[in-house]
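Student: In this note's numbering, the protein residues as written are 3 to 364.
For each residue, glycine too, the CB sits at the ideal point set by N, CA and C.
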């Protein structure tokens, strides 16, 4: 038996198919992954993401600590209360320990890291914190519910107080704000507008039911994965891990190279990699004919001895054909070949992103 969120019994009662995910018993779907996917793209769906790990960072050296810990620079969100920053947390070899979001909470910071890397992340964060005057608080008392889709914000506001609805209206994309013990952020992992709401465990079941009653569809992790892949968003353990550089994982934009004197962990290695020329990169693949691209299928590039690999692949419900993300030689052109059951199939190479806000990016 795995860990359970406060909504576990609710998922059971609503017919969720529960599976192990990163050591947690989580709903894969509630009957139809396809319907759940389309609900998010066309209206509104919600996900229990309480398995994510929320860590609050406080103390007089909180900023300096995060400036060493993260490849991105929290000074970018100075004087912007609630502003979110996406970053990689690197090891000394330049590999990605995890990707995370950090919020500026006006004197302290809130971070959200992945569930599957929880123990590793916390051990690493605590080991670095030893040299700083900081306190790390794991917020296991909070649940988290993501409401995503074109109707997500309007429907969510109908379930909340006037004060919380006005807070939502005030938020820019990638910004959050507090309302009592609640924290509401305009963020997500689907390529749609929406909210990620952290709230006390004791209030989560009632809020979930209020969203159901207003017409928000319950969704599982299967739809969340197809949605994030259509949006070209990375998944830890697929597009990135401890042995993959952020430069290879299409995360170069999250690295703050300036100021040059900020010596974040892993900087020297990826700086040298950048100077030498990155040998691999992450691309999107499109197969418009029959067949489904899958993770671990081998990618061949004409004129190159080095092979690539698909990191994530699926049938795209929104587009009606197969898509994938792949780590490939940097010399790749507009097409490549994928080994599908022993047959070399030609596929189109595109930028790593396929659908955003319900529209094709191709």
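Any idea what DSSP makes of residue 184, helix, strand or coil?
Tutor: Residue mapping note: residue 184 aligns to position 182 of the chain shown, counting from 1. Residue 184 falls in the strand class under three-state DSSP.
Student: For the beta strand (DSSP E) containing residue 6, list its first residue and its last residue.
Tutor: Here residue 6 is taken as the residue at index 4 of the chain shown, counted from 1. Note, residue 6: premise wrong, no beta strand (DSSP E); not H, not E.
Student: Roughly how far, in whole angstroms, is the beta-carbon of residue 319 from the beta-carbon of residue 40, given that I think they are within contact range, below 8 Å?
Tutor: Looking up residue 319 in the chain shown gives position 317. Looking up residue 40 in the chain shown gives position 38. Their Cβ separation, rounded to whole angstroms, is 6 Å, which keeps residue 319 and residue 40 in contact under 8 Å.
Student: Do residue 94 and residue 223 have their CB atoms nearer than 8 Å?
Tutor: The residue you call residue 94 lines up with position 92 of the chain shown. The residue you call residue 223 lines up with position 221 of the chain shown. Not in contact: residue 94 and residue 223 (Cβ atoms no closer than 8 Å).
Student: Is the region 241-260 touching the region 55-64, taking contact as three or more C-beta pairs under 8 Å?
Tutor: As far as the Cβ criterion goes, the region 241-260 does not touch the region 55-64, which means the pair count is below three.
Student: Roughly how many angstroms separate the alpha carbons of residue 105 and residue 305, rounded to a whole number?
Tutor: If you number the chain shown from 1, residue 105 lands on position 103. If you number the chain shown from 1, residue 305 lands on position 303. Rounded to the nearest angstrom, the two C-alpha atoms are 45 Å apart.
Student: Which runs of the beta strand (DSSP E), 3 residues or longer, sit entirely within the region 43-128?
Tutor: As far as the region 43-128 is concerned, its whole beta strand (DSSP E) runs of at least 3 residues are 47-50, 55-60, 86-92, 98-106, 111-115.
Student: Kindly indicate which three-state DSSP category residue 231 falls into: helix, strand or coil?
Tutor: By one-based count along the chain shown, residue 231 stands at place 229. DSSP places residue 231 in helix when its eight states are reduced to three.
Student: On the criterion of 16 or more Cβ atoms from any shown chain inside 10 Å, does residue 78 qualify as buried, or is it exposed?
Tutor: Along the chain shown, read from residue 1 onward, the residue named residue 78 stands at position 76. Residue 78 is exposed by the Cβ-count criterion.
Student: Using the DSSP secondary-structure output, state which residues sit across from residue 316 in a beta bridge.
Tutor: Here residue 316 refers to the residue found at position 314 when the chain shown is read from its first residue. 325, per the DSSP bridge assignment.
Student: Under the three-state reduction of DSSP, which class applies to residue 348: helix, strand or coil?
Tutor: Within the chain shown, residue 348 is the residue found at index 346, counting from 1. Strand.
Student: Given 8 Å as the limit, is there contact between the region 223-232 and the region 158-172, that is, 3 or more CB pairs closer than that?
Tutor: Contact between the region 223-232 and the region 158-172 is absent, because fewer than three Cβ pairs lie under 8 Å.
Student: If distances are taken between C-alpha atoms only, which option among 21, 187, 118, 97 comes closest to residue 147?
Tutor: Numbered from 1 along the chain shown, position 145 holds the residue referred to as residue 147. Comparing Cα positions, the closest option is 187.
Student: Among 192, 177, 127, which residue has its Cα nearest to the Cα of residue 185?
Tutor: Stepping through the chain shown from its first residue, residue 185 is reached at position 183. The candidate whose alpha carbon is nearest that of residue 185 is 177.
Student: Leaving out the 5 sequence neighbours to the left and right, which residues in its chain are closer than 6 Å to residue 315 when beta-carbon positions are compared?
Tutor: To locate residue 315, count along the chain shown from 1; it is residue 313. Contacts found: 295, 296, 297, 326.
Student: Is residue 216 helix, strand or coil when you go by DSSP?
Tutor: Sequence index remark: in the chain shown, residue 216 carries index 214 (1-based). Residue 216 falls in the helix class under three-state DSSP.
Student: Does the Cβ of residue 263 have 16 or more other Cβ atoms within 10 Å, making it buried, or fewer, making it exposed?
Tutor: Taking the chain shown and counting its residues from 1, one reaches residue 263 at position 261. Exposed, by the Cβ-count rule.
Student: Hey, quick one: how far does the beta strand (DSSP E) through residue 147 stretch, first residue to last?
Tutor: Your numbering for residue 147 matches position 145 in the chain shown. From DSSP, the beta strand (DSSP E) with residue 147 extends over 144-150.
Student: Hey, how far is the Cα of residue 215 from the Cα of residue 14?
Tutor: Mapped onto the chain shown, residue 215 falls at position 213. Mapped onto the chain shown, residue 14 falls at position 12. Computed Cα separation, rounded: 17 Å.
Student: Report yes or no: do the region 66-74 and the region 130-147 share at least 3 C-beta pairs separated by less than 8 Å?
Tutor: yes
Student: Please report the residue range of the alpha helix (DSSP H) in which residue 302 lies.
Tutor: Here residue 302 refers to the residue found at position 300 when the chain shown is read from its first residue. Counting along the chain, residue 302 falls outside any alpha helix (DSSP H), though it belongs to the beta strand (DSSP E) covering 300-302.
Student: Evaluate residue 2 with the Cβ neighbour count: other Cβ atoms within 10 Å of its Cβ, from every protein chain shown; 16 or more gives buried, anything less gives exposed.
Tutor: Outside the displayed span of the chain (3 to 364) sits residue 2, for which this structure offers no information.
Student: Which two residues bound the contiguous beta strand (DSSP E) that contains residue 139?
Tutor: Walking along the chain shown from the start, residue 139 turns up at place 137. 137-140 is the span of the beta strand (DSSP E), which, as asked, contains residue 139.
Student: In chain order, what residues of the same chain have a beta carbon less than 7 Å from the beta carbon of residue 303, not counting five sequence neighbours either side?
Tutor: As a working note, residue 303 is residue 301 in the chain shown. 310, 330, 331, 333, 334, 338.
Student: How far does the beta strand (DSSP E) with residue 237 in it reach, from first residue to last?
Tutor: To locate residue 237, count along the chain shown from 1; it is residue 235. That residue, residue 237, is in no beta strand (DSSP E); it is neither H nor E in DSSP.
Student: Below 8 Å on the Cβ atoms is my contact criterion, and I expect residue 397 with residue 114 to pass it. Report the Cβ-Cβ distance as a whole number of Å.
Tutor: No statement about residue 397 is possible, as the shown extent of the chain runs from 3 to 364 and does not include it.
Student: Can at least three beta-carbon pairs, one atom from the region 146-161 and one from the region 41-51, be found at a separation below 8 Å?
Tutor: yes
Student: Any idea what DSSP makes of residue 353, helix, strand or coil?
Tutor: Within the chain shown, numbered from 1, the residue matching residue 353 stands at position 351. Correct three-state label for residue 353: coil.
Student: Should residue 313 and residue 238 be called a contact, given that it needs their Cβ atoms to be closer than 8 Å?
Tutor: Here residue 313 is taken as the residue at index 311 of the chain shown, counted from 1. Here residue 238 is taken as the residue at index 236 of the chain shown, counted from 1. Taking 8 Å as the Cβ cut-off, residue 313 and residue 238 do not qualify as a contacting pair.
Student: Measuring straight from C-alpha to C-alpha, what distance separates residue 84 and residue 107?
Tutor: What you label residue 84 is simply residue 82 of the chain shown in a count that begins at 1. What you label residue 107 is simply residue 105 of the chain shown in a count that begins at 1. Cα to Cα, residue 84 sits roughly 6 Å from residue 107.
Student: Near residue 225, what residues of its chain come up, given a Cβ to Cβ distance below 6 Å and the 5 sequence neighbours on each side ignored?
Tutor: Position 223 of the chain shown holds residue 225. For residue 225, where only same-chain residues beyond five positions count, the Cβ hits under 6 Å are 35, 38, 39.
Student: Given a threshold of 16 other Cβ atoms within 10 Å of its Cβ, counted over all protein chains shown, does residue 80 qualify as buried or as exposed?
Tutor: Translated into positions along the chain shown, residue 80 becomes position 78. It counts as exposed.
Student: Note down the Cα distance separating residue 201 from residue 195, rounded to an integer number of angstroms.
Tutor: In the chain shown, the residue the question calls residue 201 occupies position 199. In the chain shown, the residue the question calls residue 195 occupies position 193. Cα to Cα, residue 201 sits roughly 20 Å from residue 195.
Student: What whole-angstrom Cβ distance do residue 73 and residue 90 have, given they're in contact under 8 Å?
Tutor: In the chain shown, residue 73 corresponds to position 71, counting from 1. In the chain shown, residue 90 corresponds to position 88, counting from 1. Yes, residue 73 and residue 90 are in contact; Cβ-Cβ is about 5 Å, under 8 Å.
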